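Novice: Can you read through this structure? Questions will come right after.
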Ligand SMILES: Nc1ncnc2c1ncn2[C@@H]1O[C@H](COP(=O)(O)OP(=O)(O)O)[C@@H](O)[C@H]1O
Ligand SMILES: [Mg+2]
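Numbering (the working numbering), first residue to last: 2 to 266.
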């Protein structure tokens, strides 16, 4: 089912992307447009290729076949040196995007600013303070990562991700490992960054409560292809059993049979 909320102004476009690792086909013709200002949520089973898709967008991986565009510029075939100005338009909050433990919170956030801008010391300090305020962590500049809770670390990592004002934020399972209230804080931040900064986002999550709160649009990957692309309302009423099972958190009938013997539905 294709029910697009597209405003036809894609920031990122993946066209017929194929990727295999050895004999394993992971992406088998992925087409995806991330519309400017929208939050797209990507769902799908573990190992289905969600992180691989994010890595193609930031060109940590290259497709075997197909293209990836940032606005009108093809990026999958760009030489590494030409990627620097494009990568600085992206902020990542990857699953294990650990903070640098040997740096204070302020230095962690300053790191990309020093690398990607010409700001002087006082401008950097002002930017660090502004980004910390944005994630509700004002005053934490001199703390060390080891002193922070899991949720606080995520928020500092998010402050670092937005340090150089990205146009696109990629979140890879940002709430995994957090308790429900802490997860909800991250969801509220995702919504706030969209509203206040107008950023475009792609979020990988398993958590349907997150989906309902943050998604403008949902895509689901299954066996290397997108089998759903539509609104959060549409995903709740789809009759595609593969999507329903995921959304409702049910295992497959084959697994049920293995565990319990023959089973009636
Ligand atoms: N660099 C790599 N080399 C070999 N196999 C990989 C690599 N990255 C991912 N894979 C494989 O690709 C598949 C999809 O991985 P991934 O995108 O991480 O799944 P997920 O949907 O859980 O994020 C998995 O089978 C994984 O083992
Ligand atoms: Mg993953």
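C-beta: ideal position from N, C-alpha, C; glycine also.
Keep in mind it's a predicted model, so treat the numbers as computed, not measured.
How about residue 185: is its Cβ closer than 7 Å to a heavy atom in ligand 2?
Specialist: No, Cβ of residue 185 sits at least 7 Å from all heavy atoms of ligand 2.
Novice: Between residue 76 and the rest of its own chain, which residues show a CB-CB distance below 8 Å, the 5 nearest in sequence each way excluded?
Specialist: 60, 69, 70, 84, 87
Novice: DSSP three-state label for residue 190, please.
Specialist: helix
Novice: Going by CA-CA distance only, name the one from 147, 27, 162 that's closest to residue 114.
Specialist: 162
Novice: Going by Cα to Cα distance, which pick from 108, 27, 228, 212 is closest to residue 192?
Specialist: 212
Novice: Closer than 6 Å by C-beta to residue 54: which residues in its own chain qualify, once you throw out the five before and the five after it? Chain order, please.
Specialist: Cβ neighbours of residue 54 beyond the five flanking positions: none.
Novice: Hey, would you say the C-beta of residue 81 is under 7 Å away from at least one heavy atom of ligand 2?
Specialist: no
Novice: Just to confirm my understanding: we take residue 216, look at its own chain, exclude 5 residues before and 5 after, and list those with CB closer than 7 Å. What are they?
Specialist: Within the same chain, and ignoring the five residues on either side of residue 216 in sequence, the residues whose Cβ sits closer than 7 Å to its Cβ are 40, 42, 233.
Novice: Keeping to the same chain, check which residues put their C-beta closer than 6 Å to that of residue 246; ignore five residues upstream and five downstream.
Specialist: none
Novice: Just to confirm before moving on: does the CB-CB distance between residue 96 and residue 46 stay below 8 Å?
Specialist: no
Novice: Rounding to the nearest angstrom, what Cα-Cα distance links residue 168 and residue 257 in this structure?
Specialist: 44 Å
Novice: What I want to know is whether the C-beta of residue 25 ends up closer than 7 Å to one or more non-hydrogen atoms of ligand 4.
Specialist: You won't find ligand 4 in this model; what it holds is ligand 1 and ligand 2.
Novice: Is it buried or exposed, residue 189, if we count other Cβ atoms within 10 angstroms and call 16 or more buried?
Specialist: Here residue 189 is exposed: its Cβ has fewer than 16 other Cβ atoms, across all protein chains shown, within 10 Å.
Novice: Shortest alpha-carbon distance to residue 128 belongs to which of 34, 63, 145, 108?
Specialist: 108
Novice: Skipping 5 residues on each side, what residues in its chain have a beta carbon closer than 7 Å to that of residue 160?
Specialist: So the list reads 110, 132, 133, 135, 136, 138, once near-sequence residues are dropped.
Novice: Strictly under 8 Å for the Cβ-Cβ distance: is residue 11 near chain C by that measure?
Specialist: No chain C appears in the structure shown, which is made up of a single protein chain.
Novice: As a quick exercise: from 178, 90, 250, 17, pick the residue whose alpha carbon is nearest that of residue 298.
Specialist: Outside the modelled stretch of the chain, which goes from 2 to 266, sits residue 298, for which no answer is possible.
Novice: Between residue 101 and residue 146, what straight-line distance do the alpha-carbon atoms span, to the nearest angstrom?
Specialist: 8 Å
Novice: Using only the alpha-carbon positions, how far apart do residue 140 and residue 74 sit?
Specialist: 40 Å
Novice: For residue 249, which residues from the same chain have a beta carbon less than 6 Å from its beta carbon, with the 5 sequence-adjacent residues on both sides left out?
Specialist: none
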